[in-house]
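In terms of my numbering, the sequence shown is numbered consecutively and its last residue is 67. Cβ atoms here follow ideal geometry from the backbone N, Cα and C, with glycine treated the same way.
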Amino acid sequence: MTNAYVEYRPKSGDQTHGVTHHVVIVNNQEVGGTFSTQLSAEKWACAQGHTVHVARERHRQDRPNPAHWRISDCRP
-8 MTNAYVEYRP KSGDQTHGVT HHVVIVNNQE VGGTFSTQLS AEKWACAQGH
42 TVHVARERHR QDRPNPAHWR ISDCRP
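What follows is the structure, given as structure tokens:
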């Protein structure tokens, strides 16, 4: 399984900055288009067979740091 990361856009270190959409990142590339919610992006990535990682805190998205992510259980 390939790791997929659900990230918000636009990216910002500011916790109060608004979110317009979410994307799925696989191999450092955005795949699957844009999603209006984190959950819809997560479900799409699960359906593609990826191991899905969702940010614990929106403004912290350091992919190499496992503490910033929770792994989705990908249940239907």
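Quick one: residues in its chain with C-beta nearer than 7 Å to the C-beta of residue i, no 5 flanking neighbours on either side, listed in chain order?
i: T11; result: R0, P1
i: C65; result: C37, V43
i: E33; result: V(-3), V43, V45, S63
Measuring CB to CB, does residue i end up less than 8 Å from residue j?
i: E(-2); j: V22; result: no
Between which two residues does the beta strand (DSSP E) carrying residue i extend?
i: A(-5); result: -6 to 0
i: H44; result: 42 to 46
i: R61; result: 60 to 62
Within its chain, find whatever has a CB closer than 8 Å to the CB of residue i; leave out the 5 residues flanking it on each side and keep chain order.
i: T53; result: It should be pointed out that residue 53 corresponds to Asp in this sequence rather than to Thr. Correct list, in chain order: H59.
i: W35; result: V15, G23, F26
i: N72; result: Residue coverage of the chain in this structure runs from -8 to 67, which leaves residue 72 outside it and unanswerable.
Excluding the 5 residues flanking residue i on each side, which residues of the same chain have their C-beta closer than 6 Å to its C-beta?
i: Q29; result: V(-3), H13
i: R61; result: V45, R47
For the candidate residues the options, whose alpha-carbon lies nearest to that of residue i?
i: T42; options: S31, N56, S63, A32; result: S63
i: Q20; options: A(-5), P55, P57; result: A(-5)
Item checked: Complete beta strand (DSSP E) runs within the region 7 to 39 (minimum length 3 residues, chain order) -> 12 to 17, 20 to 26
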